[in-house]
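**Student:** Numbering (my numbering), first residue to last: 37 to 156.
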Ligand code: AMP
């Protein structure tokens with residue numbers, strides 16, 4: 037899709053620090069890592085977010101992420117997968133991507149600036 041930064045990575049119009057690639061998916065290191073291991077896994081096909089992705093695409097992406105985790109050696113030590121969706125999810129890049137975070141014990145929480153009790 038035109039003007040989509042991750043489509044440009046798929047098309048080799050801009051470079052990425054590639055971890056793994058197959059016919060349908062790509063994984064590359066996040067430019068601004070938030071953990072010792074911070075990789076983004078994307079489908080080559082453009083979907084705006086997780087909310088728009090067909091289940092069959094996610095099925096392939098799941099297997100691909102498991103392969104990435106093995107390749108970078110976090111499959112046994114553990115890791116976290118996150119997809120930010122839309123405005124409240126804090127999504128910045130509008131091409132479905134799954135964050136793969138690991139390499140250290142990750143903190144849990146700090147999801148909202150407001151009191152969680154007020155979010156209900
Ligand atoms: P999100 O907030 O979930 O949309 O995350 C977008 C992520 O993409 C951020 O963690 C950015 O650091 C990362 N990012 C943006 N541009 C690039 C790029 N060209 N190569 C690698 N990571 C990128």
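For each residue, glycine too, the CB sits at the ideal point set by N, CA and C.
1. Assuming residue 61 contacts residue 79 under a Cβ cut-off of 8 Å, what Cβ separation, rounded to an integer in Å, is found between them?
2. Do three or more CB pairs link the segment 100-111 to the segment 42-51 at distances below 8 Å?
3. Which whole-angstrom value is the C-beta distance of residue 139 and residue 73, which I expect to be below 8 Å?
4. For ligand 1, is there a heavy atom less than 6 Å away from the beta-carbon of residue 68?
5. Restricting to Cα atoms, I'd like to know which of 38, 107 and 77 is closest to residue 197.
6. On the CB-based measure, 16 or more other CB atoms within 10 Å of its CB, does residue 142 come out buried or exposed?
7. Give me the residue from 108, 131 and 148 with the minimum Cα distance to residue 88.
8. Could you give the DSSP three-state label for residue 123: helix, strand or coil?
9. Which residue from 137, 47 and 119 puts its Cα closest to that of residue 85?
**Tutor:** Reading it off the structure:
1. 6 Å
2. no
3. 4 Å
4. yes
5. Residue 197 falls outside the range modelled here, since the chain spans only 37 to 156, and no answer is possible.
6. exposed
7. 131
8. helix
9. 119
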